[in-house]
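Asker: Note that the UniProt record's numbering has the sequence shown beginning at 1, numbered continuously upward. Glycine included, each C-beta is placed from N, C-alpha and C at the ideal position. Here you go, one structure.
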Amino acid sequence: MTRATGVGSMPGTTDADHAEAVRFVLGELPDLPHVPEVPGRGVAAAMTGRGLAVVEGLAADLQPAGWRLTDTSGVDHRRARSLLAQDLDTVEEHAQDYAGAFKTQVAGPWTLAATVEKPRGDKVLSDHGARRELAQALAEGVRVHLADLRRRVRGVDRWIVQVDEPALGAVVAGQVPTASGYGRHRSVDLPEASAHLEWVVEAVVDAGGEAWVHSCAPGTPWSLVAGTGVAGLSADLDVLGPGDLDTFAEVLESGRSAALGVVPSTDPATAPSDARLTERVQRWLDMLGLDPEAVGEHLAVTPTCGLAGASPAWASQAVRLSATTARNL
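Written out as structure tokens, the structure reads:
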């Protein structure tokens, strides 16, 4: 059975919007709901702030240039942790009777390294030791985070942790700007890029979960990601290159999962029909030489990326289109 799920973010600007998103996701995505994120509430609720809220053993603060590691947690870091706990309270309250699979999301080690600064400035990415320490702190935080989720929602028999890595392609290609904006950080060697992801994947597995990696950015090295032991890949189909198709085919043939982003994540000029979206997925599978019936249970249908930039009306429609397309398949 093909399932539908969301990438993570939903529109909104208040805690009430988050509570409504939880209710909506549980109602419209009953086969694979996810912990909604509402980054419109501010930097503490956005991807980097939420990732730092999960990290264990490191402190951070919000500076004019963005998030920075510090000796002690600043007010914004404490706010990020408080907001995460509050959001999980909401999920716990509304999902008490839920049974089945559930998904949560966390920023990956390379995306954090590319967006968080060292104590004295410039990105963590610029320092080999600092990026290793951040990745290991994230891995430990993921263990704690998943244990907390398992305690809160006891009916879940399959926790999926989606590791968001939109910056991974830029990291390995040496395209992340330096603090001045005039240069680029050196590319990270592929073995190191793989190792840091592996630490997080292993932490998910150690905590009894299943790790997927998501990116809706072009240039993501999917063959590298697939080799880290992840159980699933999640991508916008529009940005996959020819070589990526082989990687996704191999993942599906090996019994792992693929989440296919096919529904626009921002308001389109003309909304696609579920029949058109279904046909697109079927054509994609045919191009890969895969039998839809054989791999269907390993597929998930999603919007192309997070829905934070969509209008509330389109976000609702996009989720429903994903669910209808999955049922059609």
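Measure the beta-carbon distance from T325 to T266 and round it to whole angstroms, keeping in mind my assumption that it falls under 8 Å.
Answerer: Taking the sequence shown and counting its residues from 1, the one referred to as residue 325 is at position 325. Taking the sequence shown and counting its residues from 1, the one referred to as residue 266 is at position 266. 18 Å between Cβ atoms; not a contact.
Asker: State buried or exposed for residue 330, treating a residue as buried only when at least 16 other CB atoms are found within 10 Å of its CB.
Answerer: The structure shown does not extend to residue 330, since the chain spans only 1 to 329, so no value can be given for it.
Asker: Near T302, what residues of its chain come up, given a Cβ to Cβ distance below 8 Å and the 5 sequence neighbours on each side ignored?
Answerer: Numbered from 1 along the sequence shown, position 302 holds the residue referred to as residue 302. Closer than 8 Å at the Cβ level, and outside the excluded window around T302, lie A4, T5, G6, V7, S234, A259, L260, G261, V262, V263 and S322.
Asker: According to DSSP, is D236 helix, strand or coil?
Answerer: Walking along the sequence shown from the start, residue 236 turns up at place 236. Of the three classes helix, strand and coil, the one that applies to D236 here is strand, per DSSP.
Asker: What is the DSSP secondary structure of D76, counted as helix, strand or coil?
Answerer: As a working note, residue 76 is residue 76 in the sequence shown. In this structure, D76 counts as helix in the three-state DSSP scheme.
Asker: From the DSSP output, read off the bridge partner residues of F102.
Answerer: Looking up residue 102 in the sequence shown gives position 102. Per DSSP, W159.
Asker: Run through the DSSP bridge pairs and tell me what W67 is partnered with.
Answerer: Along the sequence shown, one-based indexing puts residue 67 at 67. Answer is L62.
Asker: According to DSSP, is A259 helix, strand or coil?
Answerer: Sequence index remark: in the sequence shown, residue 259 carries index 259 (1-based). Three-state result, A259: strand.
Asker: Should the segment 180 to 199 be called in touch with the segment 218 to 238, which here means at least 3 C-beta pairs below 8 Å?
Answerer: Contact between the segment 180 to 199 and the segment 218 to 238 is present, because at least three Cβ pairs lie under 8 Å.
Asker: Considering only C-alpha positions, which residue in the set A310, A271, V230 and D238 is nearest to V251?
Answerer: Against the sequence shown, residue 251 aligns to sequence position 251. The option with the nearest alpha carbon to V251 is V230.
Asker: List the endpoints of the continuous beta strand (DSSP E) containing E279.
Answerer: Taking the first residue of the sequence shown as 1, we reach residue 279 at position 279. It is not in any beta strand (DSSP E) - E279 instead sits in the alpha helix (DSSP H) that spans D274 to M287.
Asker: Kindly list the residues whose CB is nearer than 7 Å to the CB of Q136, restricted to its own chain and excluding five residues on each side of it in sequence; keep chain order.
Answerer: Position 136 of the sequence shown, counting from 1, holds the residue named residue 136. Hits under 7 Å: W199.
Asker: Checking contacts by CB at 8 Å: is A235 closer than that to chain B?
Answerer: Within the model displayed, chain B is absent; a lone protein chain is all it includes.
Asker: In angstroms with no decimal places, state the Cα-to-Cα distance between L190 and C305.
Answerer: By one-based count along the sequence shown, residue 190 stands at place 190. By one-based count along the sequence shown, residue 305 stands at place 305. Computed Cα separation, rounded: 25 Å.
Asker: Suppose you measure from the CA of A173 to the CA of D61; what does that come to, to the nearest Å?
Answerer: Along the sequence shown, one-based indexing puts residue 173 at 173. Along the sequence shown, one-based indexing puts residue 61 at 61. About 28 Å.
Asker: What does DSSP give as the partner residues of V35 in its beta bridges?
Answerer: If you number the sequence shown from 1, residue 35 lands on position 35. Answer is none; V35 lacks a bridge partner.
Asker: Measure from the alpha carbon of A130 to the alpha carbon of each residue in D148, W110, R143 and V142, then state which is nearest.
Answerer: Numbered from 1 along the sequence shown, position 130 holds the residue referred to as residue 130. Per the Cα distances, W110.
Asker: Between the beta-carbon of V295 and the beta-carbon of L307, is there less than 8 Å?
Answerer: Residue mapping note: residue 295 aligns to position 295 of the sequence shown, counting from 1. Residue mapping note: residue 307 aligns to position 307 of the sequence shown, counting from 1. Cβ atoms of V295 and L307: not closer than 8 Å.
Asker: Expressed to the nearest angstrom, what Euclidean distance is found between the alpha-carbon atoms of A179 and R68?
Answerer: Reading the sequence shown from its first residue, position 179 is the one you call residue 179. Reading the sequence shown from its first residue, position 68 is the one you call residue 68. Their backbone Cα atoms lie some 12 Å apart in a straight line.
Asker: By the 10 Å Cβ neighbour count, where 16 or more other Cβ atoms means buried, how is Q105 classified, buried or exposed?
Answerer: Here residue 105 is taken as the residue at index 105 of the sequence shown, counted from 1. Counting Cβ neighbours within 10 Å, Q105 comes out buried, since at least 16 surround it.
Asker: Would a C-beta distance cut-off of 8 Å place V54 and V153 closer than the cut-off?
Answerer: Your numbering for residue 54 matches position 54 in the sequence shown. Your numbering for residue 153 matches position 153 in the sequence shown. For V54 and V153, no; Cβs fall outside 8 Å.
Asker: Could you check which residue in L52, L112 and D89 has the C-alpha nearest to that of residue 339?
Answerer: The chain is shown only over 1 to 329; residue 339 falls outside these bounds and no answer can be derived.
Asker: Between the Cα of R186 and the Cα atoms of V124, R151, P221 and E210, which residue gives the shortest distance?
Answerer: Residue 186 sits at position 186 when you count from the first residue of the sequence shown. Cα-wise, what sits closest to R186 is V124.
Asker: Taking the DSSP output, what are the residues bridged to L299?
Answerer: Taking the sequence shown and counting its residues from 1, the one referred to as residue 299 is at position 299. Paired residue(s): A258.
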